[in-house]
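Asks: In the numbering used here, the protein residues as written are 9 to 361.
Glycine is no exception: its CB is placed at the ideal position from the N, C-alpha and C atoms.
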Ligand SMILES: [Zn+2]
């Protein structure tokens with residue numbers, strides 16, 4: 009019998025392949041017999057044949073054969089250990105009657121809950137719910153809304169300006185002015201009217217930004233609900249009815265409202281709306297400052313200059329628009345005393361909702 013080193017290596021490879029495939033201890037025992045067994049083991053055949061080799065080859069082949077035998081023995085033992093470990097694992101007793109581990113899912117932020125609620129009410133009143141860019145241009149945030157450059161009303165909506173005139177997500181021309189973080193959701197009035205013709209009824213709920221010092225009732229980031237309705241025959245009584253319906257549906261009871269004259273550049277006439285204090289029923293308490301009324305929102309009939317900016321024919325359409333602070337509305341609804349809680353990230357606050 010002629011034995012070469014490559015023959016031994018071939019046997020080793022074959023054995024290793026089989027060991028890897030073996031699924032149980034019995035087949036590993038059989039492999040041990042097949043390769044290392046004293047009687048029929050392939051490696052023993054080799055060792056037995058060494059004595060027939062020329063003298064100078066014996067040490068080299070003998071050493072290699074011993075080395076391979078040792079290696080295979082090790083591999084078989086390792087494989088056996090692996091199998092018995094797996095068995096132990098799967099034989100661990102499980103008690104399927106134990107209660108399951110609770111998965112902490114969390115819940116929506118109170119402001120998000122409020123957004124859905126408000127959107128649902130306005131949908132039920134026939135308003136389309138719109139979304140809009142938080143990054144706006146000076147044109148949409150101010151000029152188209154009758155607040156030209158240098159107008160003192162711009163001070164009421166001081167904001168954060170962004171560098172440059174154009175960014176990937178919002179295509180602007182230089183005439184639209186600088187990019188800024190929108191101070192109100194009103195720019196969407198313009199964007200929507202540019203695309204569509206009346207009759208229009210839409211509601212925009214979204215995040216707005218103001219460059220101002222924060223205190224219990226002011227935040228740099230806030231949510232606004234903007235509603236508007238444009239058609240050929242819309243008047244203030246439609247506005248009053250819409251607001252009263254909205255507030256009554258939100259608070260789940262009949263709510264009285266009153267209008268006071270006010271000023272906004274994009275509406276004429278403009279009003280501030282108060283509603284009867286739900287805490288005291290209008291008799292006067294600390295929530296309403298003893299007046300029986302709570303200040304709620306600003307509104308008015310859309311200014312003709314706004315239609316002009318869009319390009320609607322002069323005098324053809326009328327419409328109303330209103331803006332409600334979602335944060336303040338939620339504060340009133342859930343008696344929250346500080347607007348800064350909303351963005352505080354404090355879980356003790358969030359978990360109460
Ligand atoms: Zn009150």
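1) May I ask whether a heavy atom of ligand 1 can be found less than 8 angstroms away from the beta carbon of residue 295?
2) Of the choices 338, 135, 276, 356, whose alpha-carbon is the least far from that of residue 121?
3) Under three-state DSSP, which class holds residue 284?
4) Check whether the stretch 267–282 touches the stretch 206–220, counting contact only when three or more Cβ pairs, one atom from each stretch, lie closer than 8 angstroms.
5) Which whole-angstrom value describes the C-beta separation of residue 308 and residue 328, a residue pair presumed to lie in contact below a C-beta threshold of 8 angstroms?
6) Could you give the distance in angstroms between the alpha-carbon of residue 160 and the alpha-carbon of residue 115?
7) Below 8 angstroms, is the gap between the Cβ of residue 302 and the nearest heavy atom of ligand 1?
8) Give the DSSP-derived three-state secondary structure of residue 249 in the structure shown.
9) Does the beta-carbon of residue 289 have 16 or more other beta-carbons within 10 angstroms, so that it is buried, or is it exposed?
10) Hey, would you say residue 170 sits closer than 9 angstroms to residue 196, going by beta carbons?
11) So residue 231 and residue 341 are in contact, right, with Cβ under 8 angstroms, and what is the actual spacing, rounded?
12) Is it right to say residue 12 is buried, meaning 16 or more other beta carbons lie within 10 angstroms of its own, or is it exposed?
13) Residue 209 by DSSP, collapsed to three states: which one?
14) If you pair each beta-carbon of the stretch 235–255 with each one of the stretch 348–361, do three or more pairs fall below 8 angstroms?
15) For ligand 1, I want to know if residue 291 counts as a neighbour, meaning its beta carbon is within less than 8 angstroms of at least one of the ligand's heavy atoms.
16) I need the boundaries of the alpha helix (DSSP H) containing residue 40, first residue and last residue.
17) Mind checking residue 189: buried by the 16 CB within 10 Å criterion, or exposed?
18) Fully enclosed by the stretch 106–152, which alpha helix (DSSP H) runs are 4 residues long or longer?
Replies: Let me spell this out:
1) yes
2) Checked all of 338, 135, 276, 356; the closest Cα to residue 121 is 338.
3) Three-state DSSP puts residue 284 in a strand.
4) Under the three-pair Cβ rule at 8 angstroms, the stretch 267–282 does not count as touching the stretch 206–220.
5) So it is a contact: roughly 7 angstroms between Cβ atoms.
6) 42 angstroms
7) yes
8) helix
9) exposed
10) No.
11) Contact between residue 231 and residue 341 fails: their C-beta atoms lie close to 13 angstroms from each other, not under 8 angstroms.
12) exposed
13) strand
14) no
15) yes
16) 33–44
17) buried
18) 118–132, 146–149
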